[in-house]
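Scroll down for the structure; my scribbles are underneath it.
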Amino acid sequence: MSQVGCFAEEVARLGPYRTLDAGPRVIEVARITGTVDKCGELDGRFRLLGRQRDRHERFRRRRLEQADLAVTDLPPISVYLLSGRYFVIDGNRRVAEAKRQKLEYMDAQVTEVFPLSDTAALEGAASRRRFEQETGLRNVRLAYESGYATLLEDIAAFGRAGAAEAGAAEAGAGGGAPAADEPPSREQVRRWHSGFFRPACALLSGSSLSRRFPGAEPGDLFVTVARFYRDLLGGYPAVASYETLLSGFRFARRLPERRPLRAAPFRLLLAVLGLRRP
Amino acid sequence: MLRRFLLRLILEEAIRREEEAYRFYEAALEPVRAPEARALLRQLCAEELRHRLKLQELQLQPESLEVEAHDVQESELLADSGPAPAPELAGLRPEDVWRLALDKERLAVRHYGLLARRTPLPEPRRVFAWLAAEEQRHVDWVLGALEGRG
Chain D
48 MSQVGCFAEE VARLGPYRTL DAGPRVIEVA RITGTVDKCG ELDGRFRLLG RQRDRHERFR
108 RRRLEQADLA VTDLPPISVY LLSGRYFVID GNRRVAEAKR QKLEYMDAQV TEVFPLSDTA
168 ALEGAASRRR FEQETGLRNV RLAYESGYAT LLEDIAAFGR AGAAEAGAAE AGAGGGAPAA
228 DEPPSREQVR RWHSGFFRPA CALLSGSSLS RRFPGAEPGD LFVTVARFYR DLLGGYPAVA
288 SYETLLSGFR FARRLPERRP LRAAPFRLLL AVLGLRRP
Chain C
4 MLRRFLLRLI LEEAIRREEE AYRFYEAALE PVRAPEARAL LRQLCAEELR HRLKLQELQL
64 QPESLEVEAH DVQESELLAD SGPAPAPELA GLRPEDVWRL ALDKERLAVR HYGLLARRTP
124 LPEPRRVFAW LAAEEQRHVD WVLGALEGRG
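Protein sequences, first through last, are from chains D and C.
Residue numbering for the first sequence follows the working numbering, starting at 48 and increasing by one per position.
Residue numbering for the second sequence follows the working numbering, starting at 4 and increasing by one per position.
Right, dumping it as C-alpha cells:
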C-alpha cells in the first residue's frame with residue numbers, strides 16, 4: 048500500500064532552502080500528497096496504516112467521520128508547497144476526510160518552500176505574491192510565474208486604455224489615467240479579469256495553441272501573446288478583438304491557421320477578377 | 004450576398020498582402036546591419052502587422068460589409084499588379100532592399116487608394132483610405148532610408 052510522501056525526506060534533497068508565506072488559498076486536494084510529522088504512519092489517502100495503538104487518534108478520526116462534517120466548515124489546514132506538491136503541517140485528519148468525501152478543493156494556509164539555488168522560482172513566487180497583493184486575485188494560475196509581472200503591466204495598460212476612452216468621451220473632464228507604477232484599482236482589476244483576461248483564456252484553452260504548449264496554463268499563453276504585442280507594438284492595438292490578436296500572433300510566429308478564403312477556387316476567382324496574380 | 008462575399012475575398016487578399024510585407028521586412032533584417040535601419044525595419048514590421056489586424060477586424064464585422072446598391076467594378080482594381088513573391092534578400096545590399104521596399108509600398112498605396120475609391124461601403128472605404136495614407140507614410144520613411152543609404 049502506498050504511503051504519503053515525507054517532507055523531511057523531500058526537503059533534504061533540496062539542500063539549503065527558504066520559505067515564503069503564500070497566505071490562505073484554495074488548494075487542490077489531489078495535490079496534497081505528503082505530511083510533515085506523520086511520516087510512515089499514513090497511507091496514500093491519509094488513513095492510518097495498520098492497527099494503531101493510539102486509541103485517542105482512532106477516536107478523533109471516527110468522530111470526524113461520524114459527525115459527517117463538511118470539511119469546508121472546518122478551519123483551513125496548514126501545508127508546505129514544495130515542487131508542486133502539498134505537505135500537511137496541520138490537518139492530516141481533515142485531508143483524510145476530504146479525500147474520503149472526494150472533495151476537489153479545500154482551504155489551506157500555504158507556505159512555499161524553495162531551494163536557495165533556484166533563484167528563478169524565488170523571483171517567480173515574489174512576482175506572484177506582488178500580483179496577488181496588488182490585484183486581490185488568487186485564482187490566476189501560471190506555470191511560469193515570471194509572467195505575473197506581465198499580467199500586472201497588462202492590467203495597468205488595460206486601465207490606461209479604459210481611462211483614455213473615458214477621457215475622450217468626456218473631452219478632458221479630468222479623469223486621468225493611472226500612473227504606470229500605481230497599483231490598479233479593484234474595479235479596474237475586476238473589469239480586466241472578467242471582461243478581458245478570462246474570455247481570452249477561454250479562447251486560448253480551446254485553441255490549438257494549448258495543444259502546442261502542453262505544459263502551459265491558458266494564463267501562460269495569454270502572457271506570451273501579451274509580451275509579443277508589447278515588444279512589437281508597445282501593447283495591444285486598441286481596435287482589435289482578442290480573436291484578431293490571436294490570429295496576428297499565430298501569423299507572426301508562423302503557427303498554422305485556417306484561412307478558408309485562401310482556398311484555390313477563391314484565389315482563382317480573384318485572379319479572374321483581376322484582383323490577384325494567377 | 005455575392006458582393007458581400009467578394010468584399011470578404013478582397014479583404015482576405017489585402018490581409019495576405021500585409022502578411023507578405025511583414026515577411027519582407029522580417030527577412031530584410033538579415034542583410035541590413037545599421038541599427039537605425041534595423042529599427043525602421045522593425046517599425047515597418049509592426050505597422051504591417053497592425054494593418055493586418057485592422058483588416059481582419061473589418062472582415063470579422065459582418066455589419067460593416069452590408070451591401071449598398073452600387074456597382075463595384077472589381078475588375079478595374081489593380082488589374083496591372085499584385086505583390087511579387089517575397090524575394091530572397093540574404094545576399095542583397097541594403098540599398099537594394101530599400102528599393103524593393105519602395106516598390107512594394109508604392110504598390111500598396113495604389114492598391115488601397117483604388118480600393119478606397121471603388122468600395123461603396125462607408126466603413127471599408129474609410130479603412131482603405133486610412134491604409135493608403137499609412138502606406139504613403141511608409142513610402143516617405145523608405146525614401147528617407149534610401150537617402151541615408153540604409
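Every residue gets a Cβ at the ideal spot worked out from N, C-alpha and C, and that includes glycine.
These numbers come from a predicted model, not from an experiment.
query: Secondary structure of G81 of chain D, DSSP reduced to three states; result: strand
query: Test item: CB-CB of E159 of chain D and A69 of chain D under 8 Å; result: yes
query: For L47 of chain C and H141 of chain C, believed in contact at Cβ under 8 Å, the rounded distance; result: 6 Å
query: Members of the region 273-286 of chain D that neighbour chain C once the beta carbon cut-off is set at 7 Å; result: L279, L280, P284, V286
query: Bridge partners - G52 of chain D, DSSP secondary structure assignment; result: D:G81
query: Below-8 Å beta-carbon distance, E138 of chain C vs any chain E residue; result: The displayed structure is made up of protein chains D and C, and chain E is not among them.
query: Cβ pair count under 8 Å reaching 3, the region 50-61 of chain C against the region 284-300 of chain D; result: yes
query: Unbroken alpha helix (DSSP H) run spanning S232 of chain D, endpoints; result: Note, S232 of chain D: premise wrong, no alpha helix (DSSP H); not H, not E.
query: Proximity below 8 Å, CB of A24 of chain C to CB of E60 of chain C; result: no
query: Within chain D, the residues that R55 of chain C reaches when beta carbons sit closer than 8 Å; result: G295, F298
query: Start-to-end residues for the beta strand (DSSP E) that takes in E327 of chain D; result: As displayed, chain D neither begins before 48 nor continues past 325, which places residue 327 of chain D out of reach and without an answer.
query: Contact set between E22 of chain C and chain D, taken where Cβ atoms lie within less than 8 Å; result: F298
query: L268 of chain D - partner residues in DSSP beta bridges; result: Looking at the DSSP assignment, L268 of chain D forms no beta bridge with any residue, so it has no partner.
query: Short CB-CB distance (under 8 Å) between T291 of chain D and chain C; result: yes
query: Helix, strand or coil at T122 of chain C [DSSP, three-state]; result: coil
query: Through-space distance from F54 of chain D to R92 of chain D, alpha-carbon basis; result: 16 Å
query: Inter-residue Cα distance where the pair is L317 of chain D and G147 of chain C; result: 34 Å
query: Within-8 Å CB hit, A49 of chain C to chain D; result: yes
query: Contacting residues, own chain, Cβ-Cβ under 6 Å from W239 of chain D (five flanking each side not counted); result: I202, F205
query: Contacts that S241 of chain D makes with chain C (C-beta to C-beta distance below 8 Å); result: Within 8 Å Cβ-Cβ: nothing; S241 of chain D doesn't reach chain C, min ~22 Å.
query: Local conformation of Q64 of chain C per DSSP, three classes; result: coil
query: Nearest-angstrom beta carbon gap, E192 of chain D and G326 of chain D [assumed within contact, 8 Å]; result: Chain D is shown only over 48 to 325; residue 326 of chain D falls outside these bounds and no answer can be derived.
query: For R108 of chain D and R339 of chain D, believed in contact at Cβ under 8 Å, the rounded distance; result: Residue 339 of chain D is absent from the model: chain D starts at 48 and stops at 325.
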